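Numbering (this note's numbering), first residue to last: 21 to 214.
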């Protein structure tokens, strides 16, 4: 296992559409996933896509910590999940704004519109299929990570660049930011880092 170098905004690997994994059950795929998991743990992030570690393959690893599921609960979570060739289907057209950060866009964060509810499917390392419905932060985390597979970084999804800045400044100044009459969610120290 190895801790991999994280690609930063501007690197070409983050601008490409990643290749589909032809054999999710292969030893090579398992090795990439092990390295991604070690890198994720080392980084302190919540999710990581293979292009973020200079591997242009459709692989994502993520988890949702307790209290961040978006379903109103304060104690549930989503376990560490490995997704090979994931696909997302929005469930409705409703979107919500919330703050995001990214390991590939260090020290910055922005307010990003995302679909409120999605269904997503993927292949597991053993070749079986997985499927979940997600809302709130869970939905946001999956969309954020899967965007990396299509060469999209969260700033490319933003509508208002006044809500984009250095994380420290945003945390100090924008907790009460209002946009279009709707209260912007508070910014905390454990924002989406993916």
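The C-beta atom is built at its ideal place from N, Cα and C for all residues, glycine as well.
Model, not experiment: these values are computed from the prediction.
Can you list, in chain order, the residues of its chain whose CB lies under 6 Å from that of residue i, leaving out five sequence neighbours each side?
i, result
"residue 177", "132"
"residue 116", "136"
"residue 107", "141"
"residue 103", "80, 142"
Would DSSP call residue i helix, strand or coil?
i, result
"residue 141", "strand"
"residue 187", "helix"
"residue 28", "coil"
"residue 36", "coil"
"residue 85", "coil"
"residue 217", "With the chain covering only 21 through 214, there is no way to say anything about residue 217."
"residue 114", "coil"
"residue 71", "helix"
"residue 97", "coil"
"residue 78", "coil"
"residue 41", "coil"
"residue 192", "helix"
"residue 51", "helix"
"residue 22", "coil"
"residue 63", "helix"
"residue 57", "helix"
Are the Cβ atoms of residue i and residue j separated by less than 8 Å?
i, j, result
"residue 41", "residue 105", "yes"
"residue 49", "residue 146", "no"
"residue 76", "residue 47", "no"
"residue 126", "residue 28", "yes"
"residue 82", "residue 101", "yes"
Whole angstroms are fine: how far does the CA of residue j sit from the CA of residue i?
i, j, result
"residue 63", "residue 123", "8 Å"
"residue 52", "residue 148", "18 Å"
"residue 168", "residue 35", "8 Å"
"residue 179", "residue 65", "24 Å"
"residue 166", "residue 191", "26 Å"
"residue 56", "residue 99", "16 Å"
"residue 67", "residue 181", "24 Å"
Sorted by chain position, which residues of the same chain lie with C-beta nearer than 7 Å to residue i's C-beta, five sequence neighbours on each side aside?
i, result
"residue 91", "Unreliable placement is indicated for residue 91, whose pLDDT of 48 sits below 50; no coordinate value is reported for it."
"residue 138", "108, 109, 110, 111, 154, 159, 162, 163"
"residue 186", "127, 128"
In chain order, what residues of the same chain have a beta carbon less than 8 Å from the beta carbon of residue i, not counting five sequence neighbours either side?
i, result
"residue 170", "37, 38"
Sequence ranges, alpha helix (DSSP H) only - wholly within the segment 146 to 186, length at least 4
Taking only runs of at least 4 residues, the alpha helix (DSSP H) segments lying wholly in the segment 146 to 186 are 156 to 168.
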